[in-house]
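Residue numbers (the numbering used here): 17 to 155.
All residues carry an ideal CB built from backbone N, CA and C; glycine is no exception.
Here the structure is a predicted model, which means the values were calculated and not measured.
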Amino acid sequence: MHYRAVETTDEYVARLETGADWRAEIESLADAVGAEAGWFTALGAVQDAELWFYDQDACEYNPIEFDEPLEVAACVGNVSRLEGERFAHTHAVLSDDEGTTYAGHLNEATVWASEVHLRVFEAPLEREYDETTELDLWL
Ligand code: ZN
C-alpha cells in the first residue's frame, strides 16, 4: 500500500457544457483552476456514453458503448497527472429509462446536464505505468 496525507486547498462546483465531453470538461475545470490533484463527485445526464471494463486476464480495457440518453446516477473520480497532462479518472453508474444500471470506467460521454463538486488537493498526484496490472497507477 502507498499512502499520504492530502490537504484540500479549494472546492468548486461546476456545471458542464451541454454537448461537450464529460471527462474532458472535468479536465478543463482542473486546468482552469490549476488543480494538479483532486477528487470529484458528479451527477446529471448524458446523451451517449462509452464505459470501459478492464479485463484482468488480458490486461486490457474492453469498451461498452451506449448510443442513448442515460442518467448519471453517480459519478466519482479523481484528477492527477498522467504523462504531463491532467487526467480525470472517472467512474460512473448510468441508468436507462427503466432504471437499469450500467457501470464502469467512463471514457467518454456527451453531456446533457451535469453538476460537479471538485475538491482540490495541495500536493500533486502523478501516475506511472505499473507492470503487474499494466495500468497507470499513482506513484
Ligand atoms: Zn478506471
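Helix, strand or coil for residue i? Go by DSSP, reduced to three states.
i           : result
residue 155 : coil
residue 115 : coil
residue 79  : strand
residue 105 : strand
residue 18  : coil
residue 149 : coil
residue 34  : coil
residue 138 : coil
residue 74  : coil
Please list the terminal residues of the continuous beta strand (DSSP E) segment that includes residue i.
i           : result
residue 59  : 54-71
residue 86  : 86-98
residue 143 : 143-146
residue 24  : 24-30
Check for me: the alpha helix (DSSP H) holding residue i runs from which residue to which?
i          : result
residue 49 : 38-49
Using only CA atoms, which one of the options lies nearest to residue i?
i           : options               : result
residue 101 : 117, 74, 24 and 140   : 140
residue 123 : 130, 132 and 78       : 78
residue 73  : 155, 111 and 148      : 148
residue 48  : 110, 99 and 30        : 30
residue 88  : 25, 120, 24 and 150   : 120
residue 23  : 152, 154, 151 and 135 : 135
residue 117 : 28, 82 and 26         : 82
residue 132 : 27, 150 and 57        : 57
residue 129 : 41, 99 and 67         : 41
residue 115 : 104, 67, 151 and 90   : 90
residue 108 : 36, 62 and 155        : 62
Do residue j and residue i count as a contact pair if the criterion is CB distance below 8 Å?
i          : j           : result
residue 97 : residue 143 : yes
residue 94 : residue 54  : yes
residue 92 : residue 34  : no
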